[in-house]
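The opening residue of the sequence shown carries number 1 in full-length UniProt numbering; numbering runs sequentially from there.
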Amino acid sequence: MASAEKISIALPSEMVHTIRNAVATGEYASSSEVVRDALRDWTYKHRLRQQNIGDLSRLWQEAISDKTPGRSIDDVFDRLEDKYQSIAADEKK
């Protein structure tokens, strides 16, 4: 791990209670460990969201650039109607 730097932060009392409880129950050895673990989790989720946004943007661009004809609305509704009629028939059995 990189060298540690001490900072001071202000947290709502509910968060402070959660941190202290995690240490008191032995889940973590120190308040710093709780905060580090939370930041690692946040960093992972943040990177994943950024990746998902990039993927979504790429897929969106591919979709709007695709000039091949899609399905007609009638085809889509016919397929959905068949699907749900089949489900309804199965539920009656």
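Each residue gets a CB set at the ideal place from its N, CA and C atoms; glycine is no exception.
Residue burial classification, residue i (beta-carbon count within 10 angstroms, cutoff 16)
i: I19; result: buried
Own chain, CB closer than 6 Å to residue i, minus 5 neighbours either side, in chain order
i: V34; result: I19, A22, Y28
i: E91; result: none
Backbone CA spacing between residue i and residue j [nearest angstrom]
i: H17; j: L11; result: 10 Å
i: D74; j: R47; result: 40 Å
i: W42; j: K83; result: 41 Å
i: S32; j: G54; result: 33 Å
i: L79; j: R36; result: Here the sequence assigns Arg to residue 79, which means Leu is not the residue at that position. So the two alpha carbons sit approximately 51 Å from each other.
i: Q50; j: V76; result: 32 Å
i: N52; j: Q61; result: 14 Å
i: residue 120; j: A38; result: Nothing can be reported for residue 120: it is not among the residues displayed for the chain, which extend from 1 to 93.
i: A63; j: K93; result: 41 Å
i: S65; j: K45; result: 30 Å
i: R71; j: R58; result: 22 Å
Neighbourhood of residue i by C-beta, 8 Å cutoff - its chain only, sequence neighbours within 5 removed
i: Q85; result: none
i: S30; result: V23
i: P69; result: none
Could you tell me which uninterrupted alpha helix (DSSP H) segments, each at least 4 residues in length, are contained entirely in the UniProt domain "Ribbon-helix-helix protein CopG" (6-42), listed from first to last along the chain?
13-24
With a floor of 3 residues, list each beta strand (DSSP E) that falls wholly inside the region 53-78, ordered by position along the chain.
none
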